[in-house]
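Those protein sequences? They're chains P and S, same order as listed. For the first sequence, position 193 matches number 194 in the numbering used here, and the numbering has no gaps at all. For the second sequence, position 174 matches number 175 in the numbering used here, and the numbering has no gaps at all.
Protein chains: 2
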Amino acid sequence: MADQHTSAPPPADRALPATAWAVLGLLSFPGERTGYELKKWADASLRFFYWSPAISQIYAELRRLESLGYVTSRRSGPEEPRTKRTYAITALGRGALADWAGSAQDAGAAVLKHPLLLRVWLGHLTSPEHLRALVVEHIARTKGELKEVMDAGAQAEGVEAWAHPQIALRWSERRLKSELELAEAMLADLDELPS
Amino acid sequence: MADQHTSAPPPADRALPATAWAVLGLLSFPGERTGYELKKWADASLRFFYWSPAISQIYAELRRLESLGYVTSRRSGPEEPRTKRTYAITALGRGALADWAGSAQDAGAAVLKHPLLLRVWLGHLTSPEHLRALVVEHIARTKGELKEVMDAGAQAEGVEAWAHPQIALRWSERRLKSELELAEAMLADLDELPS
DNA sequence: GTGTGCATGTAAGTGGTTACATGATTGA
DNA sequence: TCAATCATGTAACCACTTACATGCACAC
Numbered sequence: 002m003a004d005q006h007t008s009a010p011p012p013a014d015r016a017l018p019a020t021a022w023a024v025l026g027l028l029s030f031p032g033e034r035t036g037y038e039l040k041k042w043a044d045a046s047l048r049f050f051y052w053s054p055a056i057s058q059i060y061a062e063l064r065r066l067e068s069l070g071y072v073t074s075r076r077s078g079p080e081e082p083r084t085k086r087t088y089a090i091t092a093l094g095r096g097a098l099a100d101w102a103g104s105a106q107d108a109g110a111a112v113l114k115h116p117l118l119l120r121v122w123l124g125h126l127t128s129p130e131h132l133r134a135l136v137v138e139h140i141a142r143t144k145g146e147l148k149e150v151m152d153a154g155a156q157a158e159g160v161e162a163w164a165h166p167q168i169a170l171r172w173s174e175r176r177l178k179s180e181l182e183l184a185e186a187m188l189a190d191l192d193e194l195p196s
Numbered sequence: 002m003a004d005q006h007t008s009a010p011p012p013a014d015r016a017l018p019a020t021a022w023a024v025l026g027l028l029s030f031p032g033e034r035t036g037y038e039l040k041k042w043a044d045a046s047l048r049f050f051y052w053s054p055a056i057s058q059i060y061a062e063l064r065r066l067e068s069l070g071y072v073t074s075r076r077s078g079p080e081e082p083r084t085k086r087t088y089a090i091t092a093l094g095r096g097a098l099a100d101w102a103g104s105a106q107d108a109g110a111a112v113l114k115h116p117l118l119l120r121v122w123l124g125h126l127t128s129p130e131h132l133r134a135l136v137v138e139h140i141a142r143t144k145g146e147l148k149e150v151m152d153a154g155a156q157a158e159g160v161e162a163w164a165h166p167q168i169a170l171r172w173s174e175r176r177l178k179s180e181l182e183l184a185e186a187m188l189a190d191l192d193e194l195p196s
């Protein structure tokens, strides 16, 4: 436990959580942006295949990233009047992110937490009508999300820097369409259940 | 802060997390089981559409559930020699679980955390070959999971108490099949990318 | 007699959320 | 002038994981 206070922290003592890389990734596309903008971005795209951290989490992540030298920030530029802080990725950050992206030979298992399925799984405790209603509600929500994804995809159209994000969005679009089919099939299964 | 030690705690001061209901749900099917068995169960079914808590978490959840009177436990029955603790759901617990299952008119949005998609999204930072390899790896893993789901589904076959869990497994099976298609389609998209 | 599975639990720590607090800017 | 949006941040809390510790039973 000697030397508790090193002025320059060792490059990376502990591995960063995926969230940190996701936030840094958001900054790896051309342009600078504020934490607030990052949150909206995450809501509009990341969310569909990874998840959107709380805004407070994004700010915390940005501070950590800055302390590692992976991003820099500047307060309210000459033109802009507001008290806002704009972040940009550094060369070091880009390098670290590229290392992370290229390192693993296995991205890791996907985590799915589907509350609707949890209810269906416990279906013996409630009425068939209620279960049906939940599935129907889920279908409606999914249709809404599908619309959002398609809008996001349209915005990325043609911009070459967005090529990969667009593939992710296309995947999400197909995924949501399949989610609808899955829900319909489950509705049919539910109907075939003996009362 | 008067009366810190009420012998019978008020039914539920704070809402329980979904995990608690999932664990209680595991006990809502006929039979008693140990924490260890619960974990294996969760790994074999819950995991495919919700997720499997760490074993230590399951033990913690069981203690909480017991303190609420939702489950009871007994140590090593007359026959069984080992130091194990077997849990069973109580009428109170079953009631609370049924309330939870029947209460919401909306199960809540599904959360998907797909590390592979995160890498693809950041594809501009790595090589097309590496990206392809990750997708291929994911396909292999998914095939393995599909096999597991089908095995689990086969075990539930015909048992009437498992009707709903089986629907959840059937959903999972279809979902994994669609996951494979999605991955293949993404592979095709990746190939069409200009270098 | 040794490793694997069964079985339970503690301690420490991280990741993340919600609620709260603050204030400037924009447009109806 | 009032509400919504932009913008940042703190504090408290909780959910959950990892690592560790322990020990029995059984098969090879």
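No residue lacks a Cβ here, since even glycine has one placed at the ideal position from N, Cα and C. All values derive from a computational prediction rather than experimental measurement.
- With fewer than 16 neighbouring CB atoms inside 10 Å of its own CB, P:G96 falls in the exposed class.
- Here the segment 112-130 of chain P does not lie against the segment 60-67 of chain P, with fewer than 3 beta-carbon pairs under 8 Å apart.
- The beta carbon of S:G26 falls within 8 Å of a beta carbon belonging to chain P, placing the residue at that interface.
- Contact between P:R133 and P:L191 holds, with the beta-carbon distance rounding to 6 Å and staying under 8 Å.
- Annotation: the continuous alpha helix (DSSP H) that includes S:Y37 extends over 36-45.
- S:L25 has its alpha-carbon roughly 13 Å from the corresponding atom of S:P54.
- If you compare the alpha carbons of P:T91, P:A110, P:H131 with that of S:A99, the shortest gap goes to P:H131.
- In chain order, A99, A102, G103 make up the part of chain S whose C-beta sits under 8 Å from the C-beta of P:T127.
- Against chain S, a Cβ distance below 7 Å from P:R176 picks out L183.
- Listed along the chain, the chain S residues whose CB falls inside 8 Å of the CB of P:E138 are Q106, D107, A108.
- Contact residues of the segment 43-58 of chain S toward chain P are F50, Y51, W52 (C-beta to C-beta distance below 7 Å).
- Of the other Cβ atoms in all chains shown, 16 or more fall within 10 Å of the Cβ of P:Q167; this residue is therefore buried.
- Taking C-beta separations shorter than 8 Å and ignoring five residues to either side along the sequence, the partners of P:E174 in its chain run L147, V150, M151, G154, following chain order.
- If you check the CB distance, S:T143 and S:L113 do not come in under 8 Å.
- In this structure, P:T35 and P:T91 do not form a Cβ contact; the two beta carbons are roughly 17 Å apart against a cut-off of 8 Å.
- Taking a Cβ-Cβ threshold of 8 Å, the residues of chain P close to S:P166 are W122, in chain order.
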